[in-house]
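A quick write-up on the structure given underneath.
4 protein chains.
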Amino acid sequence: MFIKLDMASDKPIYIQLKEQIIEGIAREELHPGDDLPSVRALASDIGINLHTVNKVYQQLKQEDYIQIHRSRGVMIHPNGFRKADETYRTNLKEALRPLIAEAICHGINEKDFSELTLDVYQKILGKAGETNE
Amino acid sequence: MFIKLDMASDKPIYIQLKEQIIEGIAREELHPGDDLPSVRALASDIGINLHTVNKVYQQLKQEDYIQIHRSRGVMIHPNGFRKADETYRTNLKEALRPLIAEAICHGINEKDFSELTLDVYQKILGKAGETNE
Amino acid sequence: MFIKLDMASDKPIYIQLKEQIIEGIAREELHPGDDLPSVRALASDIGINLHTVNKVYQQLKQEDYIQIHRSRGVMIHPNGFRKADETYRTNLKEALRPLIAEAICHGINEKDFSELTLDVYQKILGKAGETNE
Amino acid sequence: MFIKLDMASDKPIYIQLKEQIIEGIAREELHPGDDLPSVRALASDIGINLHTVNKVYQQLKQEDYIQIHRSRGVMIHPNGFRKADETYRTNLKEALRPLIAEAICHGINEKDFSELTLDVYQKILGKAGETNE
DNA sequence: GTGGTCTAGACCACG
DNA sequence: GTGGTCTAGACCACG
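Residue numbers (our numbering), protein chains in the order written: chain C, 1 to 133; chain H, 1001 to 1133; chain F, 2001 to 2133; chain E, 3001 to 3133.
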């Protein structure tokens, strides 16, 4: 799994890192039970500060993506992930809302939008390393 | 059209305001050619800083949602809006990507996701003021 | 409201600070809607690092004790606090469990223990500044 | 008596182990004079580090829960346990204080709290192995 | 002025 | 060796 950070992006580094780990899980490059590098190792690997990595790990732990074991390091949560509940769906819809409002203004209807989301599903789930831009 | 800002949100106020104006356009409460309140009037109306409103208007102008005339004030762009081009679609897909990766981890497949987006389309386009929570 | 930290304690500073703010709320020295000092002001006041205060504020925000307003600072959550639900009670019981097991070994029965908790309720809720050790 | 450790918990393993032994004594699964496994045997049994078990035993000895004989091994202190003195009660109240402050904020009054503690007493003292989840 | 992000470096508890 | 805590200091976005 390769982490690519854009240091010039408006998007904070820790958000980029967090998103890439979650996408790594989604595309099944990271499996439940897999070890993740230690805070220090990952920080040194990708050339950022250990506290930035730690922040990401803390948030991923909070959201049940990973477990942090005292002195044994970090692993992808072995039990898989919480299935989406109604709260999750509501939050997701709120996150989609501004994207969809904007899309409507630019002439993208439901069908167009669904096709776009299909493209993204393909890109994420397609055979890793090929569709992986 | 009512602006509701959550001052305690992590989302910056100027983003909230911008999104609500764009949603107002999407749901056709604001039509091409309609006047918008002046920077001062809107800032005073909703009790926020002049600079915040100004920032929003400048960005909306930049993205061709509105026109700003020195003396005649602000109006929704009379010619309608730029249709989505390939760049637009690519950016939208990049914005959807982390949402979809997360959704996949929570067991939401393409079909589920499309249904969620349909819900949002309904909520935005449905009879305004009624389905509008 | 006075913050007293024991720098020599095993208990981390941020935990001590967090507990004292929560106790300040419990004893109604801090009311819903009250302003709290800014991260920097409080840090400087009590002579600790701003990041330590920030960590406390982030956790208190997470647990709905406070709201953090961008550039307007921090306030006690204006809507009061989440009532205890079943999850809360279960967690509280798990926290009490080792204390009670130990108490049993030292000959403290249910009645004794209830009296102890009453004392603590008194100490916290009693007229502030008097029972306030 | 079964030891269940949660390696992913924030609570250090040695604390978990210590608490469970004390609870074992409280629920009278372990009686004064009973043998405990050797450091090596217990560590190997539950798959943790020797030093961790050793640390627990040293602390339990310090607090008069157990006796450690060089050759005859480890046993629950044959004379029963120190009755709670005033110092003990004061420490216990200090430990309860943050739990109670938090409970107050969540609308749990003295009576509610006492009921919760009764539940915990029941769970610990109730017929062992049955109410023991 | 305020919180948010990021870095650098240190010491400690845990195992 | 690992994460947890704490400090010091910097720059930036927001309003």
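Backbone N, C-alpha and C fix where the C-beta goes; we use that ideal spot for every residue, glycine too. These numbers were taken from a predicted model, which means no experiment stands behind them.
For residue i, list the residues DSSP reports as bridge partners.
i: Gln1067 (chain H); result: H:Met1075
i: Asp3035 (chain E); result: E:Met3075
Do you know offhand how far residue i's Cα is from residue j's?
i: His31 (chain C); j: Ile76 (chain C); result: 7 angstroms
i: Ile15 (chain C); j: His2069 (chain F); result: 21 angstroms
i: Ile2123 (chain F); j: Thr2117 (chain F); result: Correcting the residue type first, residue 2123 (chain F) is Lys in the shown sequence and not Ile. Cα to Cα, the separation comes out at about 10 angstroms.
i: Ser1071 (chain H); j: Ile2013 (chain F); result: 58 angstroms
i: His3106 (chain E); j: Ser3044 (chain E); result: 43 angstroms
i: Asn2109 (chain F); j: Gln2020 (chain F); result: 29 angstroms
i: Leu1096 (chain H); j: Tyr57 (chain C); result: 22 angstroms
i: Leu1099 (chain H); j: Gly3073 (chain E); result: 58 angstroms
i: Tyr2065 (chain F); j: Gln2059 (chain F); result: 9 angstroms
i: Phe1113 (chain H); j: Ala1103 (chain H); result: 8 angstroms
i: Ile1048 (chain H); j: Ser38 (chain C); result: 44 angstroms
i: Lys3111 (chain E); j: Lys1018 (chain H); result: 50 angstroms
i: Gln67 (chain C); j: Leu3005 (chain E); result: 15 angstroms
i: Ile3003 (chain E); j: Ile3046 (chain E); result: 7 angstroms
i: Glu2063 (chain F); j: Phe2081 (chain F); result: 9 angstroms
i: Thr52 (chain C); j: Lys3055 (chain E); result: 33 angstroms
i: Lys3061 (chain E); j: Lys83 (chain C); result: 46 angstroms
i: Met3136 (chain E); j: Thr87 (chain C); result: Nothing about residue 3136 (chain E) can be reported from this structure: the residues present for chain E run from 3001 to 3133 only.
i: Lys2011 (chain F); j: Glu1094 (chain H); result: 44 angstroms
i: Val120 (chain C); j: Leu36 (chain C); result: 25 angstroms
i: Glu3115 (chain E); j: Thr2090 (chain F); result: 13 angstroms
i: Asp2085 (chain F); j: Asn2079 (chain F); result: 17 angstroms
i: Leu1050 (chain H); j: Ser1009 (chain H); result: 19 angstroms
i: Glu1029 (chain H); j: Glu2029 (chain F); result: 47 angstroms
Report, in whole angstroms, the separation of the C-beta atoms of residue i and residue j, which I expect to be a contact under 8 angstroms.
i: Gly33 (chain C); j: Met1 (chain C); result: About 15 angstroms; that fails the 8 angstroms criterion.
i: Ala2101 (chain F); j: Ile3022 (chain E); result: 5 angstroms
i: Leu1125 (chain H); j: Arg1027 (chain H); result: 6 angstroms
Note to self: Residues of the stretch 2061 to 2090 of chain F in Cβ contact with chain H at a cutoff of 8 angstroms, in chain order, please.
What the structure shows: Listed by position along the chain: Gln2067, Ile2068, His2069, Arg2070, Arg2072.
Next item on the list: Determine which residues of the stretch 1016 to 1048 of chain H have a Cβ less than 7 angstroms from any Cβ of chain F, and write them out in chain order.
Entry: Going along the stretch 1016 to 1048 of chain H in chain order, one finds no residue with a Cβ nearer than 7 angstroms to chain F.
Checklist line | Residues, ordered as in the chain, of the stretch 2104 to 2118 of chain F that lie near chain E by beta-carbon distance below 7 angstroms | finding: Against chain E - using a Cβ distance shorter than 7 angstroms - the residues of the stretch 2104 to 2118 of chain F are Ile2104, Cys2105, His2106, Gly2107, Ile2108, Glu2110, Phe2113, Ser2114, Leu2116, Thr2117, Leu2118.
Next item on the list: With a floor of 4 residues, list each alpha helix (DSSP H) that falls wholly inside the stretch 74 to 130 of chain C, ordered by position along the chain.
Entry: If we require 4 residues or more, the alpha helix (DSSP H) runs fully inside the stretch 74 to 130 of chain C come out as 86 to 105, 110 to 125.
Notebook entry, point to check: Taking only runs of the alpha helix (DSSP H) that begin and end inside the stretch 3005 to 3064 of chain E, which ones reach a length of at least 4 residues, in chain order?
Noted result: Listed in chain order, the alpha helix (DSSP H) elements of length 4 or more contained wholly in the stretch 3005 to 3064 of chain E are 3013 to 3026, 3039 to 3046, 3050 to 3062.
Check: Given a limit of 7 angstroms on CB to CB distance, which residues of the stretch 2091 to 2102 of chain F reach chain E?
Finding: Contact annotation: in the stretch 2091 to 2102 of chain F, residues whose CB is within less than 7 angstroms of a CB in chain E are Leu2092, Lys2093, Ala2095, Leu2096, Arg2097, Pro2098, Leu2099, Ile2100, Ala2101, Glu2102.
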